[in-house]
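A.B. asks: Numbering-wise, the sequence shown is residues 109 to 292 according to the numbering used here.
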Amino acid sequence: LPHYPNIRAGLVWTIEARRSDLAYRYLFPVHTFWTPFGLSTREAPLVERVMALPRPEDRSTLLRALVVSLVLFDREHVEAYKERLHEILALCHELGEIEIAAETKVTLANVTLETGQTEQAWELVQEAMGELRERQGDQLPTRLHLVIWGKAFGIGALTLLGLGRADEAVEYARLAAQSFQESG
């Protein structure tokens with residue numbers, strides 16, 4: 109944290125120098141400081157400035173920057189947020205990024221649920237879980253998988269409640285808690 113001002117200055121320099129590829133690459137590692145230290149809202153204008161630059165050629169770099177850019181959206185811009193999530197999903201499928209796709213689908217399911225589309229939200233939760241299950245295969249889940257499972261089960265529980273399936277919702281909530289506990 110004591111070095112963050114210098115690290116931030118590096119990102120600002122890449123933006124001001126219009127070094128688009130470098131700014132996009134820099135964005136993902138820099139944003140890892142934001143959540144633990146409560147800086148996401150304060151630093152959102154930096155994300156906006158990076159996203160205003162021409163997009164990088166490297167699709168993986170673009171994907172990671174788009175994921176970071178989700179911090180820009182608030183509840184008033186639901187449709188733009190959904191569009192960004194769909195853009196991320198398309199890149200995930202192009203690049204074979206199953207974990208990011210699953211987590212994005214869970215986020216999309218949550219937004220879809222919040223807009224009253226319960227059946228569609230349930231379909232998204234099921235798709236995310238199916239893709240994760242396929243990716244994991246017979247292997248023990250990684251910590252990342254456990255966190256995504258926890259989120260999927262949690263949104264699944266809320267969705268099941270919306271569908272009037274309370275007993276299943278309780279089981280999904282229990283599985284969410286278990287996944288989060290196992291992930292540490």
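Even for Gly, the Cβ is constructed at its ideal location relative to N, Cα and C.
A quick note: this is a predicted structure, and the numbers were derived from the prediction, not measured.
1. Would you mind working out which of L271, K213, G262 and I206 sits nearest T226, comparing C-alpha positions?
2. Beta-carbon within less than 8 Å of L119's beta-carbon, same chain only, minus the 5 sequence neighbours each way: which residues are those?
3. Determine the extent of the alpha helix (DSSP H) in which A160 is found, giving its start and end residues.
4. Are at least three pairs of beta-carbons, each pair with one atom in the region 196–207 and one in the region 168–184, less than 8 Å apart?
5. Please state whether DSSP places Q286 in a helix, a strand or coil.
6. Does the region 210–220 come close enough to the region 228–246 that 3 or more CB-CB pairs lie under 8 Å?
7. Can you list, in chain order, the residues of its chain whose CB lies under 6 Å from that of A210, leaving out five sequence neighbours each side?
8. Tell whether a beta-carbon distance below 8 Å holds between V186 and A260.
9. Cutting at 8 Å between CB atoms, please list the residues of its own chain near R192, excluding the five before and the five after it.
10. Have a look at T122 and A265 and give me their C-alpha separation to the nearest angstrom.
11. Would you say Y258 and A281 are within 8 Å of each other, going by their C-beta atoms?
12. F261 by DSSP, collapsed to three states: which one?
13. Identify the continuous alpha helix (DSSP H) that holds R167 and give its terminal residues.
14. Below 8 Å on the Cβ atoms is my guess for R251 versus S291; work out the distance and round it to an integer in Å.
15. Would E207 pass as a contact of L171 if the rule is Cβ separation under 8 Å?
16. Are L248 and S287 closer than 8 Å when you measure CB to CB?
17. Hey, how far is the Cα of Y189 from the Cα of E156?
C.D. replies: Let me lay it out:
1. As a working mapping, residue 226 is identified with position 118 in the sequence shown. Among L271, K213, G262 and I206, the Cα nearest to that of T226 is on L271.
2. What you label residue 119 is simply residue 11 of the sequence shown in a count that begins at 1. So the list reads A131, Y134, L135, V138, L154 and V158, once near-sequence residues are dropped.
3. Translated into positions along the sequence shown, residue 160 becomes position 52. Element bounds for A160: n/a, residue is neither H nor E.
4. Under the Cβ criterion (8 Å, minimum of three pairs), the region 196–207 counts as touching the region 168–184.
5. Taking the sequence shown and counting its residues from 1, the one referred to as residue 286 is at position 178. Correct three-state label for Q286: helix.
6. Short answer: they touch.
7. On the sequence shown, position 102 is the one that residue 210 refers to. Once the five neighbours on either side are set aside, the close Cβ partners of A210 are A236, E239, L240 and I256.
8. For this step, residue 186 is matched to residue 78 along the sequence shown. For this step, residue 260 is matched to residue 152 along the sequence shown. Against a cut-off of 8 Å, the Cβ pair of A260 and V186 comes out as no contact.
9. Residue mapping note: residue 192 aligns to position 84 of the sequence shown, counting from 1. Answer for R192: L174, S177, L178 and F181, listed in chain order.
10. Start at 1 with the first residue of the sequence shown, and residue 122 comes out as number 14. Start at 1 with the first residue of the sequence shown, and residue 265 comes out as number 157. Separation of T122 and A265 (C-alpha to C-alpha, rounded to the nearest whole angstrom) is 43 Å.
11. For this step, residue 258 is matched to residue 150 along the sequence shown. For this step, residue 281 is matched to residue 173 along the sequence shown. In the sequence as displayed, the identity of residue 258 is Gly instead of Tyr. Not closer than 8 Å, so no.
12. Counted from its first residue, the sequence shown places residue 261 at position 153. DSSP places F261 within a helical segment (H, G or I) once states are collapsed to three.
13. The residue labelled residue 167 in the question sits at position 59 within the sequence shown. That run of the alpha helix (DSSP H) goes R167 to S177.
14. Sequence index remark: in the sequence shown, residue 251 carries index 143 (1-based). Sequence index remark: in the sequence shown, residue 291 carries index 183 (1-based). Confirmed, about 5 Å.
15. Looking up residue 207 in the sequence shown gives position 99. Looking up residue 171 in the sequence shown gives position 63. Not a contact, by the Cβ cut-off of 8 Å.
16. Stepping through the sequence shown from its first residue, residue 248 is reached at position 140. Stepping through the sequence shown from its first residue, residue 287 is reached at position 179. No. Outside cutoff.
17. Start at 1 with the first residue of the sequence shown, and residue 189 comes out as number 81. Start at 1 with the first residue of the sequence shown, and residue 156 comes out as number 48. In a straight line, the C-alpha of Y189 is about 14 Å away from that of E156.
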